[in-house]
Amino acid sequence: MVDPVPRDMAVLTIGIVKQLTGFSLRQIRYYEDLDLIAPYRTQGDQRLYSINDVARLLHIKDLVDQEYPMWQIKQVLKPPSMPEEPKIRPTPSEQELDDGQLLRDIRGSLQTRRNPTSPSMIEGQLSQFFRQKRR
DNA sequence: GTTCTGACA
DNA sequence: TGTCAGTA
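The first sequence runs contiguously to residue 143 in my numbering.
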């Protein structure tokens, strides 16, 4: 990391996040209810997610895919942003991700999932996002 | 067209 | 969790 990349800058709509994570809109909102994520809200009450949120969702995705019960997932990703030391460690990847890993993670989830929509579109947006941040 | 909330199955 | 409704 060269400069302080504002990965916490909310710029992604729920639609993008949906494609990025593979979660349904229903699930994304549900996890918000569980306080697993706290997207920014625009005047029109529209949710805007940050790269951090996506990383968080991706983390949840891992756990969900591994069929971890919600109560356990909630314990791992308790507060929307405070990295509190979890009592249990379901996955070995609880540490923070650097930009490189994050991007790989996101791309990986896209390639693995093969979204019927257009992954290239999202990747383009992501690339652009990171490009702007680094400049 | 996209997203939001609430609600029902 | 999916989906439908009525909005913004």
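Each residue gets a CB set at the ideal place from its N, CA and C atoms; glycine is no exception. This structure is a prediction, so every number in the text was calculated from the model and none was measured.
Counterpart residues of residue i in DSSP-defined beta bridges
i, result
"residue 20", "57"
"residue 48", "56"
Terminal residues of the alpha helix (DSSP H) in which residue i lies
i, result
"residue 40", "33-41"
"residue 74", "First-last for residue 74: undefined, no H or E at that position."
Cα-Cα separation between residue i and residue j, rounded to whole angstroms
i, j, result
"residue 61", "residue 51", "20 Å"
"residue 24", "residue 64", "15 Å"
"residue 18", "residue 26", "15 Å"
"residue 156", "residue 39", "There is simply no residue 156 to check, as the chain begins at 9 and stops at 143 in what is shown."
"residue 81", "residue 16", "22 Å"
"residue 55", "residue 29", "15 Å"
"residue 53", "residue 111", "28 Å"
Legend entry - Touching by the beta-carbon criterion (3+ pairs, under 8 Å), the region 66-85 and the region 40-47: yes
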